[in-house]
Amino acid sequence: MNLDETIQKIIKKTGLTPDQIKKKIDEQIKELSGLVDEEGAIVIVAKNLGVDLKENKSAANLDTDQPIRELKPNTNATIVGRIVNIGEVKTFNKKDGTQGSLLPFIIEDATRMIRCVAWGEFNTQIINENGFSNGEILRIVNGFVKPGRNQNSLEIHIGSKSRIQLQPDNVDAKMLPKKGDSSLKITKIADLSLSLPFVNVEGIISGIFGPKPFQRKDGGEGKRASLSVRDDTDIVYITFWGDHCDKIKGIQENQYAQITYLTPKPNYRDKTKIDLTASTQTKIIPITPKDGSGSIEIKKIVAQPKSIKELATKGGFGTIEGVIQE
Numbered sequence: 014m015n016l017d018e019t020i021q022k023i024i025k026k027t028g029l030t031p032d033q034i035k036k037k038i039d040e041q042i043k044e045l046s047g048l049v050d051e052e053g054a055i056v057i058v059a060k061n062l063g064v065d066l067k068e069n070k071s072a073a074n075l076d077t078d079q080p081i082r083e084l085k086p087n088t089n090a091t092i093v094g095r096i097v098n099i100g101e102v103k104t105f106n107k108k109d110g111t112q113g114s115l116l117p118f119i120i121e122d123a124t125r126m127i128r129c130v131a132w133g134e135f136n137t138q139i140i141n142e143n144g145f146s147n148g149e150i151l152r153i154v155n156g157f158v159k160p161g162r163n164q165n166s167l168e169i170h171i172g173s174k175s176r177i178q179l180q181p182d183n184v185d186a187k188m189l190p191k192k193g194d195s196s197l198k199i200t201k202i203a204d205l206s207l208s209l210p211f212v213n214v215e216g217i218i219s220g221i222f223g224p225k226p227f228q229r230k231d232g233g234e235g236k237r238a239s240l241s242v243r244d245d246t247d248i249v250y251i252t253f254w255g256d257h258c259d260k261i262k263g264i265q266e267n268q269y270a271q272i273t274y275l276t277p278k279p280n281y282r283d284k285t286k287i288d289l290t291a292s293t294q295t296k297i298i299p300i301t302p303k304d305g306s307g308s309i310e311i312k313k314i315v316a317q318p319k320s321i322k323e324l325a326t327k328g329g330f331g332t333i334e335g336v337i338q339e
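For the sequence shown, the numbering used here assigns the number 14 to the initial residue and increments by one for each residue that follows.
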């Protein structure tokens with residue numbers, strides 16, 4: 014059911030005019046500080062007016078923990094999982110001139126991980142709570158599920174109508190991953206997906222580029238560095254921005270390493286390819302697979318030459334072969 018169809022259903026059930034419904038939608042968006050769009054707001058408006066939207070009925074049961082894998086966009090949900098990554102509080106200027114803040118973090122249940130965003134007063138509440146740390150169990154009640162920043166990904170936003178329970182009671186153990194599992198999971202490069210909030214990879218560092226300075230749009234100066242990493246399935250490029258460039262100090266080519274807490278992003282030239290971006294929590298951990306300290310055995314891979322036409326069209330790094338003409 015699209016937005017117009019939902020409006021017509023509300024008109025039929027309540028007798029309200031389209032303008033009255035539109036006003037309620039705008040008020041709901043404003044109340045939630047932009048956490049919902051029109052499609053999300055109208056679901057809440059319909060519920061407040063007592064209008065039953067059948068296709069949203071199954072997703073509206075907020076008394077039961079829902080598996081992350083089964084979440085749908087633009088619905089409210091209650092989830093429980095283990096905290097696997099905590100970001101930093103970020104501030105921003107709102108349209109009304111006041112300052113807002115958000116805290117991103119990631120939790121995982123037995124089915125999947127999801128990026129969570131806590132807004133406003135929840136930042137202080139969460140940070141000051143005893144037990145808000147990696148590995149602890151957290152329940153989010155009445156969070157709002159939105160499409161994520163990447164294709165096919167979802168996020169759950171924690172706003173004024175949400176509740177947070179640290180170390181909650183009555184948790185089904187089958188809903189949770191085993192403690193410590195998340196930090197050990199290595200994703201094969203060929204299996205990278207934009208639906209994953211973060212990944213850990215393991216392979217041979219086949220190239221080191223930078224750090225190099227660049228001019229930002231605001232006139233300031235930034236810096237950027239990158240690594241190319243190979244495993245036995247493919248190659249991926251990892252970008253480090255600003256102070257994160259310090260993480261590559263001491264790293265050498267042909268070194269085996271695990272690189273943790275990386276965010277998948279579409280390649281800016283070739284949207285069919287995935288690059289990775291380092292986060293504050295990213296670590297580069299040298300390993301020696303032969304003695305069993307690595308989670309997988311990696312074989313050195315000889316880089317396959319690319320055509321000059323492919324590199325000119327799609328960019329990136331690569332190995333080429335040809336005849337020197339002059």
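C-beta: ideal position from N, C-alpha, C; glycine also.
Cβ neighbours of residue i in the same chain (closer than 6 angstroms, five flanking residues each side left out)
i	result
Ile57	Gln41
Thr252	Ser239, Thr290
Ala54	Ile38, Gln41, Ile42
Cys258	Pro224, Lys236, Ala238
Asn155	Leu75, Asn89, Lys174, Ser175
Candidates the options: closest to residue i by CA position
i	options	result
Arg82	Glu51, Ile24, Ser166, Gly113	Ser166
Thr27	Lys60, Lys85, Val249, Ile199	Lys60
Thr124	Asp283, Arg237, Lys187, Ile251	Lys187
Phe105	Ile300, Leu115, Ile99	Leu115
Gly233	Ala54, Lys22, Asn267, Gly255	Gly255
Ser219	Lys236, Asp244, Arg162	Asp244
Gly100	Gly110, Arg128, Val158	Arg128
Ile120	Ile217, Leu16, Asp17, Pro80	Pro80
Lys103	Phe118, Val93, Asp231, Gly110	Phe118
Ile297	Asp185, Ser208, Lys260, Asn183	Lys260
Glu266	Pro299, Ile139, Asn163	Pro299
Inter-residue Cα distance where the pair is residue i and residue j
i	j	result
Glu5	Gly223	No answer is possible for residue 5: it lies beyond the span of the chain, which begins at 14 and ends at 339.
Lys278	Lys191	28 angstroms
Ser196	Lys35	The predicted model places Ser196 with a pLDDT of 48, which falls under 50 and marks its position as unreliable; any figure quoted below should be read in that light. Cα to Cα, Ser196 sits roughly 46 angstroms from Lys35.
Asp78	Pro226	47 angstroms
Trp132	Leu189	25 angstroms
Thr285	Pro31	41 angstroms
Ile96	Leu29	44 angstroms
Thr273	Thr293	10 angstroms
Asn87	Glu168	10 angstroms
Asp111	Ile92	It is worth fixing the name first, because residue 111 is Thr in this sequence and not Asp. Distance between the alpha carbons of Thr111 and Ile92: 31 angstroms.
His170	Asp109	21 angstroms
Cβ shell of residue i (< 8 angstroms), same chain only, five flanking positions each side left out
i	result
Gly335	Ile321
Ile23	Leu29, Ile34, Ile55, Val58, Ala59, Leu62, Val64
Residue i CB to nearest heavy atom of the ligand SAM below 8 angstroms
i	result
Glu168	As far as ligands go, the structure on display features none, and thus does not contain the ligand SAM.
According to DSSP, residues forming a beta bridge with residue i
i	result
Lys159	Glu168
Met126	Glu121
Leu289	Ile251, Pro277
Val212	Leu275
Phe105	Gly113
Asn183	According to DSSP, which records beta bridges pairwise, Asn183 is partnered with nothing at all.
Gln151	First, the residue type needs correcting, since residue 151 is Leu and not Gln in the sequence shown. Looking at the DSSP assignment, Leu151 forms a beta bridge with Gly94, Leu179.
Gly235	Phe227
Ile217	Arg243, Tyr269
Beta-carbon contacts of residue i that lie in its chain and below 7 angstroms, excluding the five residues immediately before and after
i	result
Asp247	Ile202, Ala203
Lys262	none
Lys107	Gly113
Ser241	Ser219, Gly220, Ile248, Tyr250, Phe330
Gly161	Arg128, Leu167, Glu168
> Okay, do the region 147-157 and the region 166-179 touch, 3+ Cβ pairs below 8 angstroms being the bar?
Replying inline: When C-beta atoms of the region 147-157 are compared with those of the region 166-179, three or more pairs fall below 8 angstroms, so the two segments count as touching.
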